[in-house]
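Sequential numbering from 1 applies to the sequence shown in the UniProt record's numbering.
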Amino acid sequence: MNVAGFGRHIRSCRRARGLTQDALADASGLSPDTIRRLEHGSFSPSLDTLRKLCAGFDILLSTLFESFELGERDGPRELIDALAFITPEEEQALLQFIAVLRRRFHCDEN
């Protein structure tokens, strides 16, 4: 694995979510130093570290690796993965939000 390239990929995923390194560390149960070292390509992470990182991103490990191999993030797949991690309350709120967006964009077209 290209550790430096993987670190850039991690940074890209984090920034796309608007997370700081500290916020990602909190969400993933890793230390901020671990996140910094990952992003700088200072070490090859263990499988356990990668699983925790993916939990912090709300994505599957396969999504992280596939997007790295493709050389770009797969936004739609990341969204689908994130849905697997939401609570029933978050699901209801999200469905209501989508309904509002659809109505708004549908009205803007007319």
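Even for Gly, the Cβ is constructed at its ideal location relative to N, Cα and C.
It should be emphasised that the depicted structure is a prediction, and the values quoted were computed from it without experimental measurement.
Give the straight-line distance between the Cα atoms of residue i and residue j, rounded to the nearest whole angstrom.
i      : j      : result
Leu24  : Gly5   : 19 angstroms
Gly29  : Arg51  : 10 angstroms
Val3   : Ser42  : 8 angstroms
Ser31  : His40  : 14 angstroms
Leu70  : Leu53  : 19 angstroms
Val100 : Gly18  : 23 angstroms
Arg37  : Thr49  : 12 angstroms
Leu95  : Ile80  : 14 angstroms
Phe97  : Pro45  : 37 angstroms
His9   : Arg15  : 10 angstroms
Glu78  : Cys107 : 28 angstroms
Where does residue i sit, in a helix, a strand or coil, going by DSSP?
i           : result
Ile86       : coil
Asp81       : helix
residue 114 : Residue 114 lies beyond the range of the chain shown here (1 to 110); nothing can be said about it.
Arg73       : coil
Going by other Cβ atoms of all chains shown within 10 Å of its Cβ, with 16 needed for buried, is residue i buried or exposed?
i           : result
Gly7        : buried
Phe68       : buried
Leu64       : buried
residue 148 : Missing from the structure shown is residue 148; the chain here goes from 1 to 110 and no further.
Thr34       : buried
Arg104      : exposed
Glu90       : exposed
- Could you give the uninterrupted runs of the alpha helix (DSSP H) lying entirely in the UniProt domain "HTH cro/C1-type" (10-64), keeping only those of 4 residues or more? 21-28, 32-39, 47-57
- Query: If we count Cβ pairs, one from each stretch, closer than 8 angstroms, do we get three or more for the segment 48-64 versus the segment 81-101?
  - Reply: Per the Cβ contact rule, the segment 48-64 is in contact with the segment 81-101 (3 or more Cβ pairs under 8 angstroms).
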